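**Student:** Numbers 1374 to 1651, taken from our numbering, label the letters of the sequence shown in order. First the structure, which I've put down as structure tokens, then a few questions once you've had a look.
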Amino acid sequence: MIELQRISSFFALTIGAAVLVGCSSAPRVMAPVEDRIASSRTGTGVVDAPAAPAKVLPGAENAGKPGYYTVQRGETLTRIGLEHGQSRRDLARWNNLSNPDVIEVGQVLRVAPPGAAVEASGVVVRPVTSSAEMPAATPSAKPAPVNPSAASVVADEGLGFIWPSNGTLIGGFDDSKNKGLDIAGKAGDAVMASADGQVVYAGSGLRGYGNLIILKHNNTFLTAYAHNQKLLVKEDQKVRKGEKIAEMGNTDADRVKLHFEVRRQGKPVDPAKFLPAR
């Protein structure tokens, strides 16, 4: 009987020890691994994806400099040329644009001839002959001192603008609302070059102008002829004062009319100040 009790006690001790061993060998839970380098950067322990490098647009190093312009949303090379008194072809050449119809918002373009002196306001004070100009004087000729005001007056007097149409004036110049003159007429009436020049644009790519012709007369003056029914000249063509360049129409307009602008250094000025009295 005593022997049986000893055996029972031995088995009880053995089972108790096994239970203790089983408890002590429970599976261990691994602690989470922390990326201490990432934690020190973000404070979250989460590794950030590397940020994509910002796109550097052509000409960015010239932003804000005189003679350069940053492209805004909705603009075209033609409109930029009109606003700065330059031809689209020259702008494309100066900026090495393989496709003049593709420019990007934020892109910085040269809008003054290479080598020209430009004031902080963007006005070219010593213009260089462009593709729309006649050949320069012979090298032996001594250059005259440059006076911007006098140069503009001489240029205007040399051009001698004429009225581009014989129609009735129905809209005058207003710097904020109307950048030129509106002249009424019938569809097909002649539209004439106001002075000798070269066609730097002929097309319908400028919103609000319809079928448009832009003439460059020198480094100071451009003239624009809008809403035409038919264009009779092509880009790069030279025209003479009084030559018929288009037929009056109503493209992009509420009625048949010619919208006529004079631009000095790209800025619209009152054409009536340059035209003979009627």
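Heads up, the beta-carbon is just placed ideally off N, CA and C, and yes, glycines get one too. This one's a predicted model, so the numbers in the text were calculated from it and none came from an experiment.
Distance check for TYR1441 and GLY1372, CA to CA, integer angstroms please.
**Tutor:** Residue 1372 cannot be examined here, being either before or after the span of the chain that is shown, 1374 to 1651.
**Student:** Indicate whether the contact test is met: 3 or more Cβ pairs, each with one atom in the region 1622-1637 and one in the region 1548-1564, closer than 8 Å.
**Tutor:** Yes: the two stretches touch, three or more of their Cβ pairs being nearer than 8 Å.
**Student:** Ends of the beta strand (DSSP E) at ASP1625?
**Tutor:** The residue you call residue 1625 lines up with position 252 of the sequence shown. No beta strand (DSSP E) contains ASP1625, which DSSP labels as neither H nor E.
**Student:** Roughly how many angstroms separate the alpha carbons of THR1596 and GLY1479, rounded to a whole number?
**Tutor:** As a first step, residue 1596 must be located in the sequence shown, where it is residue number 223. As a first step, residue 1479 must be located in the sequence shown, where it is residue number 106. Their backbone Cα atoms lie some 28 Å apart in a straight line.
**Student:** Contact defined as beta carbons within less than 8 Å: I believe GLN1602 pairs with GLY1561. What is the distance between those atoms, to the nearest angstrom?
**Tutor:** Counting from one through the sequence shown, the residue named residue 1602 turns up at place 229. Counting from one through the sequence shown, the residue named residue 1561 turns up at place 188. With a Cβ gap of about 6 Å, GLN1602 and GLY1561 count as contacting.
**Student:** State the start and end residues of the unbroken alpha helix (DSSP H) segment that holds GLU1456.
**Tutor:** Locating residue 1456 in the sequence shown gives position 83, where the first residue counts as 1. From DSSP, the alpha helix (DSSP H) with GLU1456 extends over 1450-1457.
**Student:** Closer than 8 Å is the cut-off here; do at least three beta carbon pairs connect the region 1448-1459 with the region 1635-1649?
**Tutor:** These segments touch.
**Student:** Tell whether a beta-carbon distance below 8 Å holds between ILE1543 and SER1567.
**Tutor:** For the purposes of this step, residue 1543 is taken as residue 170 along the sequence shown, with counting starting at 1. For the purposes of this step, residue 1567 is taken as residue 194 along the sequence shown, with counting starting at 1. No, Cβ-Cβ distance for ILE1543 and SER1567 is not below 8 Å.
**Student:** Quick one: give me the first and last residue of the alpha helix (DSSP H) that LEU1648 is part of.
**Tutor:** Position 275 of the sequence shown, counted from the first residue, corresponds to residue 1648. Run containing LEU1648: none; DSSP gives neither H nor E here.
**Student:** With distances taken between CB atoms, is the gap from ILE1587 to TYR1574 smaller than 8 Å?
**Tutor:** Translated into the one-based positions of the sequence shown, residue 1587 becomes position 214. Translated into the one-based positions of the sequence shown, residue 1574 becomes position 201. Yes. Within cutoff.
**Student:** Can you find the residues in the same chain that come closer than 8 Å, C-beta to C-beta, to VAL1612, ignoring five residues on each side of it along the sequence?
**Tutor:** Within the sequence shown, the letter at position 239 stands for residue 1612. For VAL1612, where only same-chain residues beyond five positions count, the Cβ hits under 8 Å are ALA1566, ASP1569, GLY1570, GLN1571, VAL1572, LEU1588, VAL1606, ILE1618.
**Student:** Exposed or buried, what is LYS1630 when buried is set at 16 or more other beta-carbons lying within 10 Å of its beta-carbon?
**Tutor:** Mapped onto the sequence shown, residue 1630 falls at position 257. The residue is buried, with at least 16 neighbouring Cβ atoms inside 10 Å.
**Student:** Roughly how many angstroms lie between the CA atoms of LEU1604 and ARG1462, to the nearest whole one?
**Tutor:** To locate residue 1604, count along the sequence shown from 1; it is residue 231. To locate residue 1462, count along the sequence shown from 1; it is residue 89. Cα to Cα, LEU1604 sits roughly 19 Å from ARG1462.
**Student:** What residue from SER1460, TYR1582, LEU1470 has the CA that sits closest to ASN1623's CA?
**Tutor:** For the purposes of this step, residue 1623 is identified with residue 250 of the sequence shown, where counting begins at 1. Checked all of SER1460, TYR1582, LEU1470; the closest Cα to ASN1623 is TYR1582.
**Student:** Look at the alpha carbon of VAL1481 and the alpha carbon of GLU1448, and state the distance between them as a whole number of angstroms.
**Tutor:** Translated into the one-based positions of the sequence shown, residue 1481 becomes position 108. Translated into the one-based positions of the sequence shown, residue 1448 becomes position 75. Rounded to whole angstroms, VAL1481 to GLU1448 spans 13 Å at the Cα level.
**Student:** In the structure shown, what three-state DSSP assignment does ARG1613 receive?
**Tutor:** Taking the sequence shown and counting its residues from 1, the one referred to as residue 1613 is at position 240. Coil.
**Student:** Might you give, ordered along the chain, the residues of its own chain that have their beta carbon closer than 7 Å to the beta carbon of GLY1578, omitting 5 neighbours on each side?
**Tutor:** Translated into positions along the sequence shown, residue 1578 becomes position 205. Closer than 7 Å at Cβ, skipping near neighbours: THR1449, THR1451.
**Student:** Give the DSSP-derived three-state secondary structure of ASP1463 in the structure shown.
**Tutor:** In the sequence shown, counting from the first residue as 1, residue 1463 sits at position 90. Correct three-state label for ASP1463: helix.
**Student:** Quick one: give me the first and last residue of the beta strand (DSSP E) that HIS1632 is part of.
**Tutor:** Indexing the sequence shown from 1 puts residue 1632 at position 259. Segment 1630-1637, the beta strand (DSSP E) holding HIS1632.
**Student:** What residues in its chain sit with their C-beta under 8 Å from that of PRO1537, if we drop five residues either side in the sequence?
**Tutor:** As a position in the sequence shown, residue 1537 is number 164, starting the count at 1. Within the same chain, PRO1537 has close Cβ partners ILE1556, VAL1564, MET1565, ALA1566, SER1567, THR1596, TYR1598, LEU1631, PHE1633.
**Student:** Can you tell me which of the three DSSP states PRO1508 falls into?
**Tutor:** Mapped onto the sequence shown, residue 1508 falls at position 135. Residue placement at PRO1508 is poorly supported in this model, since its pLDDT is 36, which falls under 50; the coordinates are not used for a value here.
**Student:** The beta strand (DSSP E) that contains GLN1328, what's its start and end?
**Tutor:** This structure cannot speak to residue 1328, because the chain is shown only from 1374 to 1651.
**Student:** Span of the beta strand (DSSP E) holding ASP1555?
**Tutor:** Counting from 1 along the sequence shown, the entry for residue 1555 is found at position 182. From DSSP, the beta strand (DSSP E) with ASP1555 extends over 1554-1557.
**Student:** When DSSP builds the beta bridges, which residues end up paired with LEU1585?
**Tutor:** Position 212 of the sequence shown, counted from the first residue, corresponds to residue 1585. DSSP, once it has assigned bridges, lists GLY1576 as partnering LEU1585.
**Student:** Secondary structure at ALA1436, three-state DSSP: helix, strand or coil?
**Tutor:** Taking the first residue of the sequence shown as 1, we reach residue 1436 at position 63. In the structure shown, ALA1436 sits in coil (DSSP, three-state: anything other than H, G, I, E or B).
**Student:** Hey, could you find the ends of the beta strand (DSSP E) ILE1543 is sitting in?
**Tutor:** On the sequence shown, position 170 is the one that residue 1543 refers to. That run of the beta strand (DSSP E) goes 1542-1544.
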